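Novice: In full-length UniProt numbering, the protein residues as written are 1 to 579. Note that the Cβ used here is the ideal one computed from N, Cα and C, for glycine as well. Since the model is a prediction, treat every value here as computed from it, not as a measurement.
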Amino acid sequence: MEQINITLPDGSVRQYPKGSSGLDVALSISEGLARNVLAAKVNGQVWDATRPIEEDAQLQLLTWNDTEGKGAFWHSSAHLLAEALEALYPGVKFGIGPNIEQGFYYDVDLGEQTLGETDLATIEQKMAELAKQKSEYSRRAMSKAEAVQYFQEKNDEYKLELLEGLEDGTITFYQQGNFTDLCRGPHIPHTGFIKAIKLLNVAGAYWRGDEKRKQLTRIYGISFPKAGELQEYLKMIEEAKKRDHRKLGRELELFTFSEKVGMGLPLWLPKGTMLRERLEQFMRKAQRRAGYDQVVTPHIGNKELYVTSGHYEKYGADSFQSIKTPNEGEEFFLKPMNCPHHCEIYKAKPRSYKDLPVRLAEFGTVYRYEQSGELHGLTRVRGFTQDDAHIFCRPDQVKDEFKKVIDLVLYTFSALGFENYTAQISLRDPNNKQKYIGKDEQWERAQLDIIEAAQEKGLNTVQVEGEAAFYGPKLDFMVRDALNRSWQLGTIQVDYNLPERFQLEYAGADNQKHRPVMIHRAPFGSMERFVAVLIEHCGGNFPLWLSPDQVAVLPISENMPITPMKCCSCCRSTRSAAR
RNA sequence: GCCGAGAUAGCUCAGUGGUAGAGCACUCCCUUGGUAAGGGAGAGGUCGGGGGUUCAAGUCCCCUUCUUGGCUCCA
1 MEQINITLPD GSVRQYPKGS SGLDVALSIS EGLARNVLAA KVNGQVWDAT
51 RPIEEDAQLQ LLTWNDTEGK GAFWHSSAHL LAEALEALYP GVKFGIGPNI
101 EQGFYYDVDL GEQTLGETDL ATIEQKMAEL AKQKSEYSRR AMSKAEAVQY
151 FQEKNDEYKL ELLEGLEDGT ITFYQQGNFT DLCRGPHIPH TGFIKAIKLL
201 NVAGAYWRGD EKRKQLTRIY GISFPKAGEL QEYLKMIEEA KKRDHRKLGR
251 ELELFTFSEK VGMGLPLWLP KGTMLRERLE QFMRKAQRRA GYDQVVTPHI
301 GNKELYVTSG HYEKYGADSF QSIKTPNEGE EFFLKPMNCP HHCEIYKAKP
351 RSYKDLPVRL AEFGTVYRYE QSGELHGLTR VRGFTQDDAH IFCRPDQVKD
401 EFKKVIDLVL YTFSALGFEN YTAQISLRDP NNKQKYIGKD EQWERAQLDI
451 IEAAQEKGLN TVQVEGEAAF YGPKLDFMVR DALNRSWQLG TIQVDYNLPE
501 RFQLEYAGAD NQKHRPVMIH RAPFGSMERF VAVLIEHCGG NFPLWLSPDQ
551 VAVLPISENM PITPMKCCSC CRSTRSAAR
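1. Please report the residue range of the alpha helix (DSSP H) in which C339 lies.
2. Between the alpha carbons of K159 and M142, how many angstroms are there, rounded?
3. For T118, which of helix, strand or coil comes out of DSSP?
4. Give a yes or no on whether the C-beta atoms belonging to T191 and L130 are separated by under 8 Å.
5. Could you check whether R278 and W64 sit closer than 8 Å to each other, using their CB atoms as the reference points?
6. Determine the direct distance from the alpha carbon of R35 to that of A87, and round the result to whole angstroms.
7. With 16 as the cutoff for other CB atoms within 10 Å, does G264 come out buried or exposed?
8. Do the CB positions of F179 and E83 come within less than 8 Å of each other?
9. Taking D388 as the reference, which of E536, I519, R208, D24 has the closest Cα?
10. Roughly how many whole angstroms lie between the Cα atoms of F333 and I323?
11. Evaluate contact between the segment 315–322 and the segment 492–506, counting only Cβ atoms and requiring at least three cross-stretch pairs below 8 Å.
12. Do you know whose CA, among D407, P543, R515, lies nearest R521's CA?
13. In three-state DSSP terms, what is P473?
14. Out of curiosity, what's the CA-to-CA distance linking E238 and A121?
15. Quick one: give me the first and last residue of the alpha helix (DSSP H) that R501 is part of.
16. Helix, strand or coil for R64? Go by DSSP, reduced to three states.
17. State the CB to CB distance for the pair L378 and F542, rounded to an integer number of angstroms; the pair is presumed to be in contact (CB under 8 Å).
18. By the DSSP assignment, the alpha helix (DSSP H) with A196 in it spans what residues?
19. In terms of residues, what are the limits of the beta strand (DSSP E) holding V517?
20. Taking only the alpha-carbon atoms, compute the straight-line gap between P395 and V531 and give it to the nearest angstrom.
21. Look at the Cβ atom of A39, then the Cβ atom of P186, and state whether they are nearer than 8 Å.
22. Cα-Cα, which of S569, G508, K70 is closest to I100?
23. Determine the contact status of V409 and P523, defining contact as a CB-CB distance below 8 Å.
24. Note down the Cα distance separating G286 from A454, rounded to an integer number of angstroms.
25. Spell out a yes or no on whether the segment 161–170 and the segment 196–203 are touching, meaning 3 or more CB-CB pairs, one atom from each, closer than 8 Å.
26. Cα separation between Y206 and Q503?
27. With three or more beta-carbon pairs closer than 8 Å as the criterion, would you say the segment 208–224 touches the segment 507–515?
28. Would DSSP call N155 helix, strand or coil?
29. Out of T308, P357, G383, which has the shortest C-alpha to C-alpha gap to S319?
30. Under DSSP, the beta strand (DSSP E) around E488 begins and ends at which residues?
31. Assuming the contact rule is C-beta atoms closer than 8 Å, Y16 and I29 should be a hit. Round their C-beta distance to whole Å, please.
32. Roughly how many whole angstroms lie between the Cα atoms of R579 and Q281?
33. Give the single residue among G472, E456, I451 whose Cα lies nearest to the Cα of K439.
34. Have a look at G91 and T217 and give me their C-alpha separation to the nearest angstrom.
35. To test your reading of the DSSP string, which unbroken beta strand (DSSP E) runs of 3 or more residues are found completely within the UniProt domain "TGS" (1–63)?
36. Could you work out which residue in S486, D476, Q102, G11 is closest to Y233 when comparing CA atoms only?
Encoded structure:
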């Protein structure tokens, strides 16, 4: 029989009969390994462990310890979910059912039916029952015509739409038990691997992420090869819930919300205010050292201000509506940004190249009409305070200023114990340039300045196209909360646009007028979001210097109130003296 | 904004059509010189708001406000 050479990750090369699968290789190594193999990486591509290998190849066997192994496991779990759904709800139509970072989901169209939490338990049971049957996941190549026919008969318009985007000859079906799905795979060998399943929640999700299209029911779940691991996972979720800033914020009396005041408008309680003011003090001090000047601007601005800035055109209709005065035609807006105000401060007097950079900082409270369904504790609100500043500088100073801001952000993060952040460079979408304002060459230069500054500061960054603000590229610092949701904190943004719109100028060494460049930046991002993430980060146990409760005076007995009272007032006066 | 799930005492929650409940917190009394948890008594709710069905609604139906899990959005 013809032999092929299989190269294993340790570099050793073994010979196997042509058509051997990853699983066969595993079996030849040890039975234990074979029991744990979920998928196989063949020449860098993840395959089914059972798929025959026809020529010489690099092979890596994937188990639960590999991200890709987990991925296949969860993807297969999604198919198992679909099989259970089809058994319980005949006629159900399927959208997509991928694995995600933690688990899997399947988008389904249940017609008129809705699912409650109680239905999830029933589906879980069905899944467990099906898993026990150890049905093999079998792969089958299909012609496009056959595939279309299959889903036409099944009357599943979603799969038919997916098929439209696929080329004939690349289409594969996977079947386990009674369930067949359009799928590129790979999958685990059989359903018996899936020992523990938990369906976590149901949610609506638009078909293909388009809010104009039909909303499907998305069922989220997670599964494990061992029951114990599920228990651990559920325990971890419980622990994370204990750190939820909304719960701790209430318990520690940091902030509250009122239906009467309005949704998304936080009320800071005395203790929360103490915490927030200490953070502000920290930032003020750091910024003073870094050469910033503090300014204060009003909470509203004339409509003309935002027409000039471009925000009116872009967001006017989707924001809080204007404030009118008794005078005909006079309109003001709650400020959604501090930058237009700061531009006017810059313009208050003539500037020389010798004055630059001008760094104007403000804890500026802004109001944005966020969609109601988006509001979330302190992390997504309609009124919040940015630790904002705008740096007006010469084009040749941009990169250097950018690096100084990176220093400030990193100083802030390290002082507050944030180590697990990621930095993202957000670039414009090169295929959709009309979404942005400003000239091509300005964008090119700004993007390059950011990339170089980040590189020279040794930041680990990811670059994402299409994530830039409409006026310029940016560098965002993201932190994950207790529930593993990712939030943007600090941000640094280059802006070649507002200086143009506001006709900002400075006199150069050549005695000509020049256009300054603006850098927007906020190391915390917003006080609200930062406090939220900080609460979750330390589980409410703030560093002493930030804590609203730094000292507790406990009387020996309740009959001894005098001395403790003295202690309290002594602590209070010492503290205020220390400020 | 959309789909799902919710809203009962300050907090966490029980209460499936028949006199509104528990634990913790709170107030008062007793007890207590040692770190949030001793004993007793008490106060506290037009069951988010409005309408409907019913002899009778916290409970069933409709509307609305807010919260929540996602989706879409995020200057």
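Specialist: Based on what the coordinates show:
1. 339–346
2. 14 Å
3. helix
4. yes
5. no
6. 29 Å
7. buried
8. yes
9. I519
10. 6 Å
11. no
12. D407
13. coil
14. 19 Å
15. 498–501
16. With the sequence shown as reference, residue 64 is identified as Trp, and Arg is not the correct amino acid for it. In the structure shown, W64 sits in coil (DSSP, three-state: anything other than H, G, I, E or B).
17. Not confirmed; about 15 Å, so no contact.
18. Counting along the chain, A196 falls outside any alpha helix (DSSP H), though it belongs to the beta strand (DSSP E) covering 196–206.
19. 517–522
20. 34 Å
21. yes
22. K70
23. yes
24. It is worth fixing the name first, because residue 286 is Ala in this sequence and not Gly. Roughly 21 Å separates the two Cα atoms.
25. no
26. 43 Å
27. no
28. coil
29. G383
30. Correcting the residue identity first, residue 488 is Gln in this sequence and not Glu. From DSSP, the beta strand (DSSP E) with Q488 extends over 486–495.
31. About 11 Å; that fails the 8 Å criterion.
32. Confidence at R579 is low in this model, with a pLDDT of 39, below 50, so the placement of that residue should be treated as unreliable; the coordinate-derived value is given next. Their Cα atoms are separated by approximately 10 Å.
33. G472
34. 14 Å
35. 3–7, 13–17, 39–42, 45–48, 57–62
36. Q102
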